[in-house]
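S.K.: Protein chains in written order, with the numbering used here: chain X, 1 to 377; chain F, 1001 to 1377; chain Z, 2001 to 2377; chain D, 3001 to 3377.
Sharing a structure below in structure tokens format, with a few things to ask.
Number of protein chains: 4
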Amino acid sequence: MVGGGEGAFIGAVHRAAATLGQEYVLVCGAFASDAARSRQTGVVLDLPPDRCYADYASMFAAEAALPSDSRMEVVVIATPNHLHLPVARAALQRGFHVLSEKPATLNLAECFELRDAVAASGRLYGLTHPYSGYPLVVEATERVRSGALGRIRKVIVEYTQGWLAEPIERSGHKQALWRLDPKQGGASGCMGDIGVHAFQLAEQVSGLRTTELCADLNRVVPGRQLDDDGTVLLRFGNGASGVLVASQICTGDENDLRLRVYGDAASLEWNQQEPNSLWLKPAHAPVQQLRTGGPGLSAAASAHTRLPAGHPEGYLEAFANLYRTFAVQVRAHPAGASPAHTVPGIDTALRGMAFIDTAVAASASVQKWHKFPEVGA
Amino acid sequence: MVGGGEGAFIGAVHRAAATLGQEYVLVCGAFASDAARSRQTGVVLDLPPDRCYADYASMFAAEAALPSDSRMEVVVIATPNHLHLPVARAALQRGFHVLSEKPATLNLAECFELRDAVAASGRLYGLTHPYSGYPLVVEATERVRSGALGRIRKVIVEYTQGWLAEPIERSGHKQALWRLDPKQGGASGCMGDIGVHAFQLAEQVSGLRTTELCADLNRVVPGRQLDDDGTVLLRFGNGASGVLVASQICTGDENDLRLRVYGDAASLEWNQQEPNSLWLKPAHAPVQQLRTGGPGLSAAASAHTRLPAGHPEGYLEAFANLYRTFAVQVRAHPAGASPAHTVPGIDTALRGMAFIDTAVAASASVQKWHKFPEVGA
Amino acid sequence: MVGGGEGAFIGAVHRAAATLGQEYVLVCGAFASDAARSRQTGVVLDLPPDRCYADYASMFAAEAALPSDSRMEVVVIATPNHLHLPVARAALQRGFHVLSEKPATLNLAECFELRDAVAASGRLYGLTHPYSGYPLVVEATERVRSGALGRIRKVIVEYTQGWLAEPIERSGHKQALWRLDPKQGGASGCMGDIGVHAFQLAEQVSGLRTTELCADLNRVVPGRQLDDDGTVLLRFGNGASGVLVASQICTGDENDLRLRVYGDAASLEWNQQEPNSLWLKPAHAPVQQLRTGGPGLSAAASAHTRLPAGHPEGYLEAFANLYRTFAVQVRAHPAGASPAHTVPGIDTALRGMAFIDTAVAASASVQKWHKFPEVGA
Amino acid sequence: MVGGGEGAFIGAVHRAAATLGQEYVLVCGAFASDAARSRQTGVVLDLPPDRCYADYASMFAAEAALPSDSRMEVVVIATPNHLHLPVARAALQRGFHVLSEKPATLNLAECFELRDAVAASGRLYGLTHPYSGYPLVVEATERVRSGALGRIRKVIVEYTQGWLAEPIERSGHKQALWRLDPKQGGASGCMGDIGVHAFQLAEQVSGLRTTELCADLNRVVPGRQLDDDGTVLLRFGNGASGVLVASQICTGDENDLRLRVYGDAASLEWNQQEPNSLWLKPAHAPVQQLRTGGPGLSAAASAHTRLPAGHPEGYLEAFANLYRTFAVQVRAHPAGASPAHTVPGIDTALRGMAFIDTAVAASASVQKWHKFPEVGA
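Structure (structure tokens):
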């Protein structure tokens, strides 16, 4: 693991998810920019001292020199955004698979570099969009793919939260500091942090691809250099329209990620706050409440469920599903095989970065609609 | 009553609401464009035959000639939109107060004429935005006004429904036919029908006034002349932003009118589908569920509640509150008094028509932001 | 109307429901035990002074003497319980139909007298269990009757509220005073007030009839003469079991009347606090959310719905449905006809009083099970 | 681990929870009554072959002989109920701590033996009631303990599920088979499996102790030897009353474990199906929604939470909390210390078995109330 030192929220999440996924064991890390702090985190995590590295470059060099049955297999990147590309590139060049936090890079140009590095390495690249690992998100994706909703006409996706409703970066909140710093976070705060999750979810479940967008990003809390709120209107390839609302200044909201996909035969609704229900709304029949582990689910959704219905599953379970899925990909990799279900990869990375860059540019423009780059798949 | 003949949804609603409001009795009507059908509706409603009129002009003439203690006092307008202005003008000129369905007129220009007619008549004009009559909408308005939410930063209002998800106008659905006909409905279908409700609710509760907007209106079901779906981005005078989603092609949705108002001290959320709960989300304390008739409500909200908590109130009760409030206004009118609480009036009418006209123009433009006319109050 | 003077909660509810039902007009009343207060209520309600009576006996005499087209048609009884029998008997003897508040009488013995008086009079008798008028309660009843749930195995019905959580009777709360006074309220406080509603709902929807019960009634707030809380276990004729929880000391609850009926093919759940959803849980398929006015409802439920789906209906609408249904019964009466759907009548009255009496006796006994009298139908 | 072989639901849950708790590593097992199947499970779980034992006796002997830094520290018992006592006794005698599935033993007499064995061994004994590990159950317990609810008056606890709604034991469902077999499951099916969870939750959160009960247990699905449904009325030491409903024949229900605790100052409500909300209902103020990780929680609840609010936690997280808490107890044990927070132990075991035995006896009796043994604490 690179990054994710003590106090970093997402590092601990990755470790818990990896553990719960029961496929991976943490073997080494370069957890902080400071060698001493990195080592300290490693100690807390019960790692052998010689595998708590001062920095990622030395870790990759040292691990690559170990025998194949004891060296690290996959690099997890949990650093601030500006390090995603250099760390991923270095890891791929040393022959490690990479599982990276989003957004993939600082900007789309960097992401093209990343794409080339992945291609050149022949290694696997995965992007941790944890919401895509919820069983009922998988179910929603399957329902749309199967045609059960008919033609998709409209997608509404929202991700509202309140953790940046106050200027906590001024009192030294670490995560807030780097996320709102263009050098470390990139061109967007809110869209780069959570808008990109909403975008990925909308494209994954609807199966649609954005072709144009209109954006209104705002810096609500005074003094911020990057947006902490915004709305993006989407136009999809099939003529459908979309609305994406993302905001971090929504006082009192938690992680209200809610997706609605409207088809001409039926519609779907899912809310991350109560992730074990998926609402299916047919045109002329009562609404159905699909439940994690419950009747009527696809094989794909069931494969993402650990327990019988009635045992609520949460965020860590969803995240752990990504780790498990990536492990399946890694195992299939030597034979050149690709499993039916995979974690979001470099194509998703490209589209995510295209989303952020285009939204930022569109928001600054007086022109309403902006073309969405033809990247990814 | 003008309009609202047999089979018309909203006519029956008005009559039930008036009855429940226990202030008004239906005394006469011109219920349909056809004299025979008008009379037939009157018979069903137990009106005396001589007060079932062939058309509104003859009704106003005849009623005005009656002694003051038996003649009609208030004209309720429940016709398609293109008749709102002529009927209202004629009624006002004859000295009747007017309570009209929204949108107030066919377009903003007509609404200026209406404003002048109201002013010239010295009579009262009310606009039936029934959602404004829910006790907890009143409470939300009070909470914002009192400063409990701090500075308002963001407003999200949605009104999604599915009744036009299929081309029911092609099989002769009366209401769908006129609402989707520019000559009878005006320049917008969806914004004119439900977007204007969402707009009114957002401005009423937030206390903010729109200064600019950006619009994306869509005709989703092929063959329609008017929008059946759309999103409007709002900018308010205080710098806050808003998102307004209205759609009539949302398969499986009922009348999902949901309002969220985010302040820097607290936020509010209300959903018309479960109208007896209002969610108050303070910055650093647990979410509170305010309930119709429950503890902690303002006197204004209590005055809009009929029953103790635990006796759910619904749409008709909200609508009836408008009738009751208008009756209070009518009673206070001879003395030149205006009660503290009033139904939406000509100012709201002007802003609603400005909203529709500006949204239609903005949607057709390549330019993102469009100035919102300085009308109303 | 007898009873329901100023300040009485249920009198105003009856009047609003009657109005909303659009079948009945209040023509006269004896609203209070005191002649002056009775008259005062009548004045407030805009009744002619000569039809505001000093007491019910003089009202029945005077009204019976009026010509048939102007005299009262139906007597509504909204007094404390101890007056239900004498008022109803007097009204029936004078030839009026009776619509009475529950519980029907002070005890089962009185109810047998009432039954005989109804039979002797040839008039209609209705009992206002308003929850039975909710569209989705009608739907639930129909679903069970149609066999959609299979064999019913278990019924759980709860009615918890908090209005008697504190000794408000000591500070003179009128309704609390008489309800907790054995002379006016009868042998039970909580079961007589709300337990009997829960019992009626359970028997109506399940279609089952209680044959034995076990009861645990409590006086929770010190100093009370009657129960304010209790649980009753039920055994039904088909071998199914039931649990009935009723309590008035549940701090913070409103009118949490919730019914669950479990069959071997499917189950149903309904909650009065959100009365526009009915949950159908099939054995091997996703849960369905049936909605007032929504798809999939029976003709009987639709006949109890005023508005299209998405316009929430509440307690008054349910109560008004009873008034409307009773009007249909009254209109059919001269021809000796009985409509398919009727309000709860004398049979329900008998079973309700049997429930109260048996529960009180069973609670005082050391023996677990007690036979339920074979009364009603 | 003893028991929990392939296909056993709860064995896999224990392993996942232990893993997620990040305190324990599975080092050995006797997973099945059949030596070959036991070994096969071990292989699947990546255990070394020499630590996959043929039976628990040989496992305890072999492990006890290992050096202290490599031998098993805690025995997890995940067998059918009839083996709980012999396995626990053997483990304790060999000096291992024991973490056991509930119910603790086959009956109360056995549980006294277990109590003595625990006392004699000086080892720790923990009982896995996973619902007690939910952060908001901890919060509820703290709120009651702190007096925030005032005097507790009533407790309603329900656990309804549908997995035994059909006779799946006839088609060989393993878990159903042993749970409904008196020799393996004990004297009660439903109360022994889930009633005991509900009982534990009610006593833990309310802080009250049962002194009398009345029971109605049913065998709903024909042919069963043990109850699959039942209701138990409770009387507590402080005069409060309780209702416990447990049923496994509730078609369409999942694990609807819902607890309500009513005090004279405030009430609480929690539902396992949506475990991240706890509803606090004060006497004269709006209902509050407490959230996992949200504002206003006690330190104890926060210590049971892994992630910031908005990252839903579920059943495995709750279960993992037990493993973590037990690890803290084990670490403190050598010093003779006991942490403030502990998992349910032998006292809970005794009360649980007393509950089952008394409920079974009471159900068979014609007498209503039965004394609850004074056991546990």
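Just so you know, even glycine gets a beta-carbon here, dropped at the ideal spot from N, CA and C.
To the nearest angstrom, how far is the alpha carbon of glutamine 2273/Z from that of leucine 1297/F?
M.R.: Walking along the third sequence from the start, residue 2273/Z turns up at place 273. Walking along the second sequence from the start, residue 1297/F turns up at place 297. Approximately 18 Å between the Cα atoms of the pair.
S.K.: Check distances from the C-beta atoms of the stretch 3285-3302 of chain D to those of chain F and list, in chain order, the residues that come in under 8 Å.
M.R.: Here the close residues are Ala3285, Pro3286, Val3287, Gln3288, Gln3289, Leu3290, Arg3291, Gly3294, Pro3295, Gly3296.
S.K.: For glutamate 3374/D, count neighbouring Cβ atoms within 10 angstroms of its own Cβ and tell me buried if that reaches 16, exposed if not.
M.R.: Within the fourth sequence, residue 3374/D is the residue found at index 374, counting from 1. Exposed.
S.K.: Judging by CA-CA distance, which residue of Leu1026/F, Gln1040/F, Arg1260/F is the nearest neighbour of alanine 1032/F?
M.R.: Position 32 of the second sequence, counting from 1, holds the residue named residue 1032/F. For the residues Leu1026/F, Gln1040/F, Arg1260/F, the minimum Cα distance to alanine 1032/F belongs to Gln1040/F.
S.K.: Residues of chain D with CB closer than 7 Å to the CB of glutamate 73/X, please, in chain order.
M.R.: Position 73 of the first sequence, counted from the start, is the residue given in the question as residue 73/X. Within chain D, no residue comes near glutamate 73/X; the closest Cβ sits about 16 Å away, beyond 7 Å.
S.K.: Rounded C-beta distance between leucine 114/X and alanine 88/X? I'm assuming under 8 Å.
M.R.: Position 114 of the first sequence holds residue 114/X. Position 88 of the first sequence holds residue 88/X. Yes, they are in contact, since the Cβ atoms of leucine 114/X and alanine 88/X sit about 6 Å apart, within 8 Å.
S.K.: Tell me, please, whether the CB atom of tyrosine 2315/Z is closer than 7 Å to any CB atom in chain F?
M.R.: In the third sequence, counting from the first residue as 1, residue 2315/Z sits at position 315. Yes, tyrosine 2315/Z lies at the interface with chain F (some Cβ there is under 7 Å from its Cβ).
S.K.: To the nearest angstrom, how far is it from the Cα of methionine 2072/Z to the Cα of arginine 2051/Z?
M.R.: Position 72 of the third sequence, counting from 1, holds the residue named residue 2072/Z. Position 51 of the third sequence, counting from 1, holds the residue named residue 2051/Z. In a straight line, the C-alpha of methionine 2072/Z is about 10 Å away from that of arginine 2051/Z.
S.K.: Check the Cβ of threonine 3019/D against every Cβ in chain X and list those closer than 8 Å, keeping chain order.
M.R.: Here residue 3019/D is taken as the residue at index 19 of the fourth sequence, counted from 1. In chain order: Thr19, Leu20, Gln22.
S.K.: Quick check on arginine 151/X: buried or exposed, where buried means 16 or more other Cβ atoms within 10 Å of its Cβ?
M.R.: As a first step, residue 151/X is located in the first sequence; it is residue number 151 there, counting from the start. When all chains shown are included, arginine 151/X counts as exposed.
S.K.: Pick out the complete beta strand (DSSP E) segments inside the stretch 149-199 of chain X, 3 residues or longer, and give them in chain order.
M.R.: The qualifying runs are 152-160.
S.K.: Hey, is arginine 1153/F's beta-carbon within less than 7 Å of any beta-carbon in chain X?
M.R.: Here residue 1153/F corresponds to residue number 153 of the second sequence, with the count starting at 1. Judged by the 7 Å Cβ criterion, arginine 1153/F is in contact with chain X.
S.K.: Kindly indicate which three-state DSSP category threonine 1251/F falls into: helix, strand or coil?
M.R.: As a position in the second sequence, residue 1251/F is number 251, starting the count at 1. If DSSP states are grouped into helix, strand and coil, threonine 1251/F belongs with coil.
S.K.: According to DSSP, is tyrosine 3056/D helix, strand or coil?
M.R.: Position 56 of the fourth sequence, counting from 1, holds the residue named residue 3056/D. Here tyrosine 3056/D sits in helix by DSSP.
S.K.: Could you tell me the alpha carbon to alpha carbon distance between arginine 1094/F and isoleucine 1077/F, rounded to whole angstroms?
M.R.: As a working note, residue 1094/F is residue 94 in the second sequence. As a working note, residue 1077/F is residue 77 in the second sequence. If you take the alpha carbons of arginine 1094/F and isoleucine 1077/F, they lie about 15 Å apart.
S.K.: Would you give the residue range spanned by the beta strand (DSSP E) that threonine 2079/Z belongs to?
M.R.: As a working mapping, residue 2079/Z is identified with position 79 in the third sequence. Note, threonine 2079/Z: premise wrong, no beta strand (DSSP E); not H, not E.
S.K.: In whole angstroms, give me the CA-to-CA distance for leucine 83/X and threonine 325/X.
M.R.: Position 83 of the first sequence holds residue 83/X. Position 325 of the first sequence holds residue 325/X. Cα to Cα, the separation comes out at about 25 Å.
S.K.: Could you confirm whether any beta carbon from chain F is found closer than 7 Å to the beta carbon of glutamate 2169/Z?
M.R.: Mapped onto the third sequence, residue 2169/Z falls at position 169. With 7 Å as the cut-off, glutamate 2169/Z does not count as an interface residue toward chain F.
S.K.: If you run the structure through DSSP and keep just helix, strand and coil, what is alanine 3104/D?
M.R.: If you number the fourth sequence from 1, residue 3104/D lands on position 104. Three-state result, alanine 3104/D: coil.
S.K.: Beta-carbon of threonine 251/X versus every beta-carbon of chain F: anything under 7 Å?
M.R.: For the purposes of this step, residue 251/X is identified with residue 251 of the first sequence, where counting begins at 1. Output row for threonine 251/X: interface = yes.
S.K.: Whole angstroms is fine: what's the gap from methionine 2191/Z's alpha carbon to asparagine 3255/D's?
M.R.: Residue numbering aside, residue 2191/Z sits at position 191 when the third sequence is read from its first letter. Residue numbering aside, residue 3255/D sits at position 255 when the fourth sequence is read from its first letter. In a straight line, the C-alpha of methionine 2191/Z is about 30 Å away from that of asparagine 3255/D.
S.K.: Would you say proline 312/X faces chain D, with C-beta separation under 7 Å as the test?
M.R.: Counted from its first residue, the first sequence places residue 312/X at position 312. Closer than 7 Å: yes.
S.K.: Pair every Cβ in the stretch 1358-1367 of chain F with every Cβ in the stretch 1128-1147 of chain F, then say whether three or more of these pairs are closer than 8 Å.
M.R.: No contact exists between the stretch 1358-1367 of chain F and the stretch 1128-1147 of chain F.
S.K.: Looking at valine 118/X: is its Cβ nearer than 7 Å to the Cβ of valine 205/X?
M.R.: To locate residue 118/X, count along the first sequence from 1; it is residue 118. To locate residue 205/X, count along the first sequence from 1; it is residue 205. It is not a contact, given that the beta carbons lie outside the stated cut-off.
S.K.: Beta-carbon of proline 275/X versus every beta-carbon of chain D: anything under 7 Å?
M.R.: Taking the first sequence and counting its residues from 1, the one referred to as residue 275/X is at position 275. Judged by the 7 Å Cβ criterion, proline 275/X is in contact with chain D.
S.K.: With a threshold of 16 other CB atoms inside 10 Å of the CB of phenylalanine 1009/F, please say whether the residue is buried or exposed.
M.R.: Here residue 1009/F is taken as the residue at index 9 of the second sequence, counted from 1. Per the 10 Å Cβ criterion, exposed.
S.K.: With a Cβ-Cβ cutoff of 7 Å, do valine 2155/Z and glycine 2239/Z count as a contact?
M.R.: Stepping through the third sequence from its first residue, residue 2155/Z is reached at position 155. Stepping through the third sequence from its first residue, residue 2239/Z is reached at position 239. Going by C-beta atoms, valine 2155/Z is not nearer than 7 Å to glycine 2239/Z.
S.K.: Given a threshold of 16 other Cβ atoms within 10 Å of its Cβ, counted over all protein chains shown, does proline 312/X qualify as buried or as exposed?
M.R.: Working through the first sequence from its first residue, we reach residue 312/X at position 312. It is buried - the Cβ of proline 312/X has at least 16 other Cβ atoms within 10 Å.
S.K.: Could you check whether histidine 333/X and asparagine 321/X sit closer than 7 Å to each other, using their CB atoms as the reference points?
M.R.: Residue mapping note: residue 321/X aligns to position 321 of the first sequence, counting from 1. Residue mapping note: residue 333/X aligns to position 333 of the first sequence, counting from 1. Not a contact, by the Cβ cut-off of 7 Å.
S.K.: Give a yes or no on whether the C-beta atoms belonging to threonine 2105/Z and leucine 2092/Z are separated by under 7 Å.
M.R.: Sequence index remark: in the third sequence, residue 2105/Z carries index 105 (1-based). Sequence index remark: in the third sequence, residue 2092/Z carries index 92 (1-based). In this structure, leucine 2092/Z does not lie closer than 7 Å to threonine 2105/Z by Cβ.
S.K.: Please name the residue, chosen from Val1027/F, Met1059/F, Leu1108/F, that lies closest to aspartate 1069/F on a Cα-to-Cα basis.
M.R.: By 1-based counting over the second sequence, the position of residue 1069/F is 69. For the residues Val1027/F, Met1059/F, Leu1108/F, the minimum Cα distance to aspartate 1069/F belongs to Val1027/F.
S.K.: Report the rounded CA-to-CA distance for glycine 3294/D versus leucine 3047/D, giving the unit in angstroms.
M.R.: On the fourth sequence, position 294 is the one that residue 3294/D refers to. On the fourth sequence, position 47 is the one that residue 3047/D refers to. In a straight line, the C-alpha of glycine 3294/D is about 40 Å away from that of leucine 3047/D.
S.K.: Taking only beta-carbon atoms, is glutamate 110/X less than 7 Å away from chain D?
M.R.: Residue 110/X sits at position 110 when you count from the first residue of the first sequence. For glutamate 110/X, the answer is no, since every Cβ of chain D falls outside 7 Å of its Cβ.
S.K.: Might you give, ordered along the chain, the residues of its own chain that have their beta carbon closer than 6 Å to the beta carbon of threonine 1160/F, omitting 5 neighbours on each side?
M.R.: By 1-based counting over the second sequence, the position of residue 1160/F is 160. Here the set comprises Ser1247, Cys1250, Asp1253, Asp1256.
S.K.: Determine, using beta carbons only, whether glutamate 1158/F comes closer than 7 Å to chain Z.
M.R.: Here the question's residue 1158/F lines up with position 158 in the second sequence. No, no contact with chain Z.
S.K.: For glycine 1029/F, list the residues DSSP reports as bridge partners.
M.R.: Position 29 of the second sequence holds residue 1029/F. Answer is Cys1052/F, bridged to glycine 1029/F.
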